[in-house]
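Asker:
Residue numbers (the numbering used here): 12 to 126.
The following block contains the structure:
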(Lines of atoms letter the chains of each structure in order from A; the text may use other names.)
(Lines give C-alpha, C1' and ligand atoms only; values in the text may rest on other atoms or scores of the structure.)
Protein backbone atom coordinates (compact mmCIF):
# COMPACT_ATOMS: atom_id res chain seq x y z
CA UNK A 12 0.00 0.00 0.00
CA UNK A 13 1.40 3.36 -1.02
CA UNK A 14 0.45 6.20 1.36
CA UNK A 15 2.04 8.76 -0.98
CA UNK A 16 -0.51 7.98 -3.66
CA UNK A 17 -3.35 8.28 -1.16
CA UNK A 18 -2.01 11.56 0.23
CA UNK A 19 -1.62 13.19 -3.17
CA UNK A 20 -4.86 11.83 -4.70
CA UNK A 21 -6.98 14.97 -4.01
CA UNK A 22 -4.36 17.23 -5.58
CA UNK A 23 -3.96 14.96 -8.60
CA UNK A 24 -7.75 14.80 -9.03
CA UNK A 25 -7.99 18.60 -8.93
CA UNK A 26 -5.15 18.91 -11.41
CA UNK A 27 -6.82 16.47 -13.82
CA UNK A 28 -10.13 18.30 -13.48
CA UNK A 29 -8.61 21.68 -14.31
CA UNK A 30 -5.87 20.84 -16.85
CA UNK A 31 -6.61 19.35 -20.25
CA UNK A 32 -4.33 16.70 -21.65
CA UNK A 33 -3.02 17.82 -25.05
CA UNK A 34 -1.19 14.69 -26.11
CA UNK A 35 -2.38 12.34 -28.82
CA UNK A 36 -5.46 10.37 -28.01
CA UNK A 37 -9.14 10.91 -27.45
CA UNK A 38 -11.28 12.38 -24.67
CA UNK A 39 -14.95 12.05 -23.85
CA UNK A 40 -17.59 14.79 -23.97
CA UNK A 41 -18.12 14.33 -20.21
CA UNK A 42 -14.45 15.11 -19.58
CA UNK A 43 -14.82 18.26 -21.68
CA UNK A 44 -17.88 19.31 -19.67
CA UNK A 45 -16.06 18.68 -16.38
CA UNK A 46 -13.09 20.72 -17.62
CA UNK A 47 -15.38 23.57 -18.69
CA UNK A 48 -16.89 23.67 -15.20
CA UNK A 49 -13.77 23.15 -13.09
CA UNK A 50 -11.14 25.20 -14.95
CA UNK A 51 -12.84 28.62 -14.73
CA UNK A 52 -13.81 28.05 -11.07
CA UNK A 53 -10.24 27.16 -10.13
CA UNK A 54 -8.74 30.04 -12.12
CA UNK A 55 -11.14 32.57 -10.56
CA UNK A 56 -10.64 31.19 -7.08
CA UNK A 57 -6.87 31.40 -7.35
CA UNK A 58 -6.53 34.73 -9.15
CA UNK A 59 -9.36 36.74 -7.60
CA UNK A 60 -9.96 34.83 -4.40
CA UNK A 61 -12.02 36.58 -1.76
CA UNK A 62 -11.96 39.94 -3.53
CA UNK A 63 -15.03 38.98 -5.59
CA UNK A 64 -18.55 38.92 -4.25
CA UNK A 65 -20.45 35.65 -4.55
CA UNK A 66 -22.66 37.04 -7.31
CA UNK A 67 -19.70 38.31 -9.31
CA UNK A 68 -17.86 35.01 -8.87
CA UNK A 69 -20.88 33.01 -10.03
CA UNK A 70 -21.46 35.33 -13.01
CA UNK A 71 -17.82 35.16 -14.12
CA UNK A 72 -17.69 31.41 -13.51
CA UNK A 73 -20.87 30.79 -15.49
CA UNK A 74 -19.69 33.00 -18.33
CA UNK A 75 -16.26 31.41 -18.39
CA UNK A 76 -17.69 27.89 -18.30
CA UNK A 77 -20.16 28.66 -21.10
CA UNK A 78 -17.48 30.29 -23.24
CA UNK A 79 -15.00 27.46 -22.70
CA UNK A 80 -17.58 24.75 -23.40
CA UNK A 81 -18.78 26.63 -26.49
CA UNK A 82 -15.23 26.98 -27.79
CA UNK A 83 -14.52 23.28 -27.25
CA UNK A 84 -17.81 22.29 -28.85
CA UNK A 85 -17.17 24.54 -31.87
CA UNK A 86 -13.67 23.14 -32.35
CA UNK A 87 -15.00 19.59 -32.24
CA UNK A 88 -17.80 20.37 -34.69
CA UNK A 89 -15.26 21.94 -37.01
CA UNK A 90 -13.33 18.68 -36.79
CA UNK A 91 -16.44 16.70 -37.82
CA UNK A 92 -16.87 15.04 -34.41
CA UNK A 93 -20.35 14.14 -33.27
CA UNK A 94 -21.53 15.05 -29.77
CA UNK A 95 -21.44 11.51 -28.42
CA UNK A 96 -18.15 10.38 -29.93
CA UNK A 97 -14.68 10.67 -28.49
CA UNK A 98 -12.90 13.90 -29.33
CA UNK A 99 -9.22 14.42 -30.17
CA UNK A 100 -7.24 15.88 -27.28
CA UNK A 101 -4.69 17.68 -29.43
CA UNK A 102 -6.52 20.82 -30.54
CA UNK A 103 -6.04 24.56 -30.22
CA UNK A 104 -8.67 25.13 -27.53
CA UNK A 105 -7.11 22.53 -25.24
CA UNK A 106 -3.66 24.02 -25.87
CA UNK A 107 -4.81 27.55 -24.90
CA UNK A 108 -6.61 26.27 -21.79
CA UNK A 109 -3.60 24.17 -20.78
CA UNK A 110 -1.30 27.19 -21.15
CA UNK A 111 -3.57 29.46 -19.10
CA UNK A 112 -4.19 26.86 -16.41
CA UNK A 113 -0.48 26.07 -16.13
CA UNK A 114 0.14 29.75 -15.36
CA UNK A 115 -2.61 29.66 -12.72
CA UNK A 116 -1.18 26.48 -11.17
CA UNK A 117 2.34 27.95 -11.14
CA UNK A 118 1.09 31.11 -9.44
CA UNK A 119 -0.79 29.10 -6.81
CA UNK A 120 2.13 26.79 -6.07
CA UNK A 121 4.53 29.73 -5.89
CA UNK A 122 2.26 31.52 -3.43
CA UNK A 123 2.10 28.41 -1.24
CA UNK A 124 5.87 27.85 -1.35
CA UNK A 125 6.63 31.45 -0.44
CA UNK A 126 3.99 31.61 2.31
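Beta carbons: idealized from backbone N, C-alpha and C, even for Gly.
Please name the residue or residues paired with residue 98 in a DSSP beta bridge.
Answerer: 38
Asker: Report all residues from its chain with a CB closer than 8 Å to the CB of residue 44; omit the five preceding and five following residues, and keep chain order.
Answerer: Once the five neighbours on either side are set aside, the close Cβ partners of residue 44 are 80.
Asker: Leaving aside the five residues before and after residue 47 along the sequence, list all residues of the same chain whose C-beta is less than 6 Å from its C-beta, in chain order.
Answerer: Residues 76, 79, 80 of the same chain have their beta carbon placed closer than 6 Å to that of residue 47, with the five preceding and five following residues left out of the count.
Asker: What number of angstroms, rounded off, separates the C-alpha of residue 127 from the C-alpha of residue 112?
Answerer: Because residue 127 is not part of the residues shown, which for the chain are 12 to 126, the question remains open.
Asker: Could you have a look at residue 59 and say whether DSSP puts it in helix, strand or coil?
Answerer: coil
Asker: Does the Cβ of residue 102 have 16 or more other Cβ atoms within 10 Å, making it buried, or fewer, making it exposed?
Answerer: With 16 or more Cβ atoms within 10 Å of its Cβ, residue 102 is classed as buried.
Asker: Can you give me the Cβ contacts of residue 104 inside the same chain, cut-off strictly under 6 Å, excluding the 5 residues immediately before and after it?
Answerer: 82, 83, 86
Asker: Considering only the beta carbon of each residue, do residue 115 and residue 57 sit closer than 8 Å?
Answerer: Against a cut-off of 8 Å, the Cβ pair of residue 57 and residue 115 comes out as a contact.
Asker: Rounded to whole angstroms, what is the Cα-Cα separation between residue 25 and residue 109?
Answerer: 14 Å
Asker: Are residue 50 and residue 72 close, meaning C-beta to C-beta below 8 Å?
Answerer: no
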